[in-house]
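Here the protein sequences come in this chain order: V and B.
The opening position of the first sequence corresponds to residue 1 in our numbering, with each subsequent residue numbered one higher.
The opening position of the second sequence corresponds to residue 455 in our numbering, with each subsequent residue numbered one higher.
For every residue, glycine included, the Cβ atom is placed at its ideal position computed from N, Cα and C.
Single-structure report; data block below.
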Amino acid sequence: MFENDQNDIKKTTQDEQEIAIRVKDVKKKFKLYYDKGTSLKEKALFWKRNRYEERTVLNGITLEIKKGETVGLIGHNGCGKSTLLKLITRILYPDEGTVEVKGRVSSLLELGAGFHPDLSGRENIYTNASIFGLSKAEIDERLQSIIDFSELGEFIDNPVRTYSSGMYMRLAFSVAINVDADVLLVDEILAVGDTNFQAKCFNKMQDIKAAGTTIVIVSHSLSQIEQICDRSVWIHAGKIKEDGVPDNVHNDYMDFMLSLRRNNVSLAQMTEEVQRAMEEKENTENALRSEMTPEQLDVVEKGQELRWGSREIEITKVTVTNGKGVPGKFLDVGDAIHFKVDYDVHKPLGTVVFGVGIYRKDGLNVYGTNTMIEGLDTLYIDKPGSFEFDVPEFTLMPGRYVVGFAIEYGQGIPVDYWKTSCEIETFTKLRDVGAVRIKHSWKLPDNAKVDTND
Amino acid sequence: MITTFKEIFNYREMITSLVRKDLRGRYKGSVLGFLWTFINPLLQLLVYNMVFSIILRAGVEKFYLYLFVALIPWIFFSAALTGGAVSVISQKDLINKIYFPREVIPISYVTSCFVNMVLSFIVVIAVSLISGVRPTLLALLCLPIIMLVEYVLAIGMALIVSALTVYLRDLEYILGIISMAWMYATPICYPLSMVPDKYKNLFRLNPMTDIIGAYRAILYDGKVPELSTLWTSVVLGLVCMIAGFLIFGKLKKHFAEEL
Numbered sequence: 001m002f003e004n005d006q007n008d009i010k011k012t013t014q015d016e017q018e019i020a021i022r023v024k025d026v027k028k029k030f031k032l033y034y035d036k037g038t039s040l041k042e043k044a045l046f047w048k049r050n051r052y053e054e055r056t057v058l059n060g061i062t063l064e065i066k067k068g069e070t071v072g073l074i075g076h077n078g079c080g081k082s083t084l085l086k087l088i089t090r091i092l093y094p095d096e097g098t099v100e101v102k103g104r105v106s107s108l109l110e111l112g113a114g115f116h117p118d119l120s121g122r123e124n125i126y127t128n129a130s131i132f133g134l135s136k137a138e139i140d141e142r143l144q145s146i147i148d149f150s151e152l153g154e155f156i157d158n159p160v161r162t163y164s165s166g167m168y169m170r171l172a173f174s175v176a177i178n179v180d181a182d183v184l185l186v187d188e189i190l191a192v193g194d195t196n197f198q199a200k201c202f203n204k205m206q207d208i209k210a211a212g213t214t215i216v217i218v219s220h221s222l223s224q225i226e227q228i229c230d231r232s233v234w235i236h237a238g239k240i241k242e243d244g245v246p247d248n249v250h251n252d253y254m255d256f257m258l259s260l261r262r263n264n265v266s267l268a269q270m271t272e273e274v275q276r277a278m279e280e281k282e283n284t285e286n287a288l289r290s291e292m293t294p295e296q297l298d299v300v301e302k303g304q305e306l307r308w309g310s311r312e313i314e315i316t317k318v319t320v321t322n323g324k325g326v327p328g329k330f331l332d333v334g335d336a337i338h339f340k341v342d343y344d345v346h347k348p349l350g351t352v353v354f355g356v357g358i359y360r361k362d363g364l365n366v367y368g369t370n371t372m373i374e375g376l377d378t379l380y381i382d383k384p385g386s387f388e389f390d391v392p393e394f395t396l397m398p399g400r401y402v403v404g405f406a407i408e409y410g411q412g413i414p415v416d417y418w419k420t421s422c423e424i425e426t427f428t429k430l431r432d433v434g435a436v437r438i439k440h441s442w443k444l445p446d447n448a449k450v451d452t453n454d
Numbered sequence: 455m456i457t458t459f460k461e462i463f464n465y466r467e468m469i470t471s472l473v474r475k476d477l478r479g480r481y482k483g484s485v486l487g488f489l490w491t492f493i494n495p496l497l498q499l500l501v502y503n504m505v506f507s508i509i510l511r512a513g514v515e516k517f518y519l520y521l522f523v524a525l526i527p528w529i530f531f532s533a534a535l536t537g538g539a540v541s542v543i544s545q546k547d548l549i550n551k552i553y554f555p556r557e558v559i560p561i562s563y564v565t566s567c568f569v570n571m572v573l574s575f576i577v578v579i580a581v582s583l584i585s586g587v588r589p590t591l592l593a594l595l596c597l598p599i600i601m602l603v604e605y606v607l608a609i610g611m612a613l614i615v616s617a618l619t620v621y622l623r624d625l626e627y628i629l630g631i632i633s634m635a636w637m638y639a640t641p642i643c644y645p646l647s648m649v650p651d652k653y654k655n656l657f658r659l660n661p662m663t664d665i666i667g668a669y670r671a672i673l674y675d676g677k678v679p680e681l682s683t684l685w686t687s688v689v690l691g692l693v694c695m696i697a698g699f700l701i702f703g704k705l706k707k708h709f710a711e712e713l
């Protein structure tokens, strides 16, 4: 009731009222202790040893979210998106800058907060909803819709410990979503219950959105964000990298992620290694650039790298044979093509994975795969040998393509990543258009006359 | 601080439900359940009666009652101090995952102890009446005031120690000793008259001294307590509570990182 008074005053200025969340120049650092001592003895004895590393998680974020907007926060693991969400929730406070949120906030960060296993579902609704700041009268008002939404029926009066995990989550989700908050914060939603219930949750989110609630979602699922959000904010290394229509932001984000992956940064490694990888990439690129022929440089400028890796196992030769069994790099669209990759072993490693990537001259990764993705046997290699990559119908449309082969060790550690190991060019006499000639056929009407003029 | 109060007021249902959960959960699984709230003080009384009327004769008439009316309020205060200290830490899952005014946690913990004490007082008053004490109506009406003063003081202490314990976990154990020392520095097991005169003023600085004295006046002597002596406790209680809110308000910002 006090909130209302405050809101009335604030409504006097139109602009003020329109903004639901205002994040201004927010910086947040975390202290990572090497060996943290919280006890008195440790603090007294080892105060000098209490070394820590400061990690900047958010480095100057400014963001305004209007009332009724639905915003998705994206970014790789550790980019700071969840921290930002926690700052908006007020679980964390910024080191610098301000965060203002207007109205009641409900968060789906923690479902079932404060559930007591011995109390009944109904009693737990009261506890859980009260944590969102609802008064008893407000909970009474919503009780029926919460129970209905949870589909728990008569089970609602059984102790929560007797619930299945699905029932538990359904109840928790129902409470959180029925709070009628002005601002709803969601971290990785809709992994709740069976498909039916997920669909129901999703629809409910749409309803909530239609009702004018401001929603902020953190998710790895870009499609989820595209379905619900009007706006997407890409956070990278503690800063906003892009902010706009989800489609555009996601495209750029995907490109960026693919380029990282091309650099052999696996998703798990990405957190710490993203920065280093970016630097390394730049260094190798610069180093390579100085040694390159103009032709190679052309390839690199199109967004591709040449070759890197630890080289315990080294690709020595890539032989390209076209469909007629003739060595060469030219072929007709739809012809067969065959690659034979010879390698030498300087030092045996563990099991290795062979990979291939095909790039169009403008840098587009047309296709990429490896033996691990396809579930082939992982191999232990200690002698020189060769592997072959066979394409019965190479249907990429006319143009120049760069084909790279790679040998990786373990979860994507580059041993020899030769991205520009060979080049092929395709031709066709037909004048069809596009990127790929999809295998197809026509069936013409059989009751029409054939025009013989042509 | 005004905004904090408003917010806590808005979250009053959370306090109620946490208190309810705590009280209901306390004796969960035991055969006698909630009855323990009453049985516990009764059994304690039985022990004191045996010890002090058979073995240690302290020279105070009805010593068991003398002790009992002071001990029940003390147990509340000491629980608020030692248990309150870990209240925030023990709710770290909640604090890490969801926003609510953090003050709610120590407040509901203290309130739950307080409700427990109020219920125990049913037994205390009954025992007092059975023992032949005839408190005047006015004296009994003073009882809630004394309780409130003690409650305010306990809230203040709990706010301070719960916030500090997050950053310095040793406080939990240090408080065990402090609480014991505090008990002996308060005239609970002995009358204030036994304290040498030169230390009496020092004892008066202890807010619990007058609070315990007031309980005793009502339930042991059956008299209206001298409210004038209670002023120190009221002032100290309020100071403690305000300091509690300020310190807690300052420290709560980094709870989620420290827990």
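Pairwise C-beta distances place the region 372-379 of chain V out of contact with the region 320-337 of chain V, as fewer than three of them are shorter than 8 Å. In the three-state DSSP reduction, H338 of chain V falls in the strand class (E or B). Considering only beta carbons, the part of the region 93-107 of chain V lying closer than 7 Å to chain B consists of Y93, V105 and S107, in chain order.
In this structure, the alpha-carbon of Y518 of chain B lies about 57 Å from that of L85 of chain V. Taking the Cα of G357 of chain V as reference, the smallest distance to any Cα among V:A211, V:V391 and V:N178 is reached at V:V391.
The beta carbon of V514 of chain B lies closer than 8 Å to those of Y520 and P645 in the same chain, with the five residues before and after it left out. Only those residues of the region 416-444 of chain V whose C-beta falls short of 7 Å from the nearest C-beta of chain B would be listed, and there are none. N322 of chain V is bridged by DSSP to V:I337. Ranked by how close their Cα comes to the Cα of I228 of chain V, the residues V:N203, V:N251 and V:H236 have V:N203 in first place. Judged by beta-carbon spacing, V558 of chain B lies beyond the 8 Å limit of A534 of chain B, meaning their Cβ atoms are not closer than that value. Taking CB atoms only, L477 of chain B has no neighbour in chain V less than 8 Å away.
Per DSSP, the unbroken alpha helix (DSSP H) holding I146 of chain V starts and ends at K136 to S150. In this structure, V:G68 is the residue among V:D243, V:G68 and V:S221 with its C-alpha nearest to the C-alpha of V183 of chain V. By the Cβ-count criterion, E141 of chain V is exposed, with fewer than 16 other Cβ atoms from all chains shown falling within 10 Å of its own Cβ. A Cβ-Cβ contact shorter than 8 Å links F702 of chain B with L613 of chain B. Here N447 of chain V carries a coil assignment [DSSP, helix/strand/coil]. Your pair V403 of chain V and F354 of chain V does not check out as a contact, with CB atoms roughly 13 Å apart and the cut at 8 Å. With a threshold of 8 Å between beta carbons, S130 of chain V makes contact with chain B.
Closest option to R22 of chain V, judged by alpha-carbon separation, among V:S106, V:L143 and V:T214: V:T214. As computed with DSSP, L629 of chain B is found in no beta bridge at all. Of all alpha-carbon atoms in V:M372, V:V415, V:V352 and V:V333, the one lying nearest the alpha-carbon of T426 of chain V is that of V:V333. When DSSP assignments are scanned along the region 628-707 of chain B, no uninterrupted stretch of beta strand (DSSP E) that is 3 or more residues long falls wholly within it. Of all alpha-carbon atoms in V:K361, V:D451 and V:Y343, the one lying nearest the alpha-carbon of L396 of chain V is that of V:K361.
C79 of chain V sits in coil when the DSSP states are folded into three classes, being neither helix nor strand. Runs of the alpha helix (DSSP H) lying entirely within the region 541-573 of chain B and spanning at least 4 residues, in chain order: 546-551.
Taken through DSSP and simplified to helix, strand or coil, F30 of chain V comes out as strand. Collapsing the DSSP output to three states places E100 of chain V in a strand.
Partner residues in the beta bridge of N370 of chain V, as assigned by DSSP, are V:G355.
Rounded to whole angstroms, the gap between the alpha carbons of E226 of chain V and I61 of chain V is 23 Å. DSSP links S106 of chain V through a beta bridge to V:L184.
Using a CB distance cut-off of 8 Å, F173 of chain V does not count as an interface residue toward chain B. Close CB contacts of K706 of chain B within its chain, under the 6 Å cut and outside five residues either way in sequence, are with R556 (chain order). With a threshold of 8 Å between beta carbons, R231 of chain V makes no contact with chain B.
One Cα belongs to T619 of chain B, the other to A668 of chain B, and the distance between them is close to 31 Å. Under the 8 Å criterion on CB atoms, K546 of chain B is classed as non-interfacial with respect to chain V. When the beta-carbon positions are compared, G410 of chain V and G363 of chain V stay at least 8 Å from each other.
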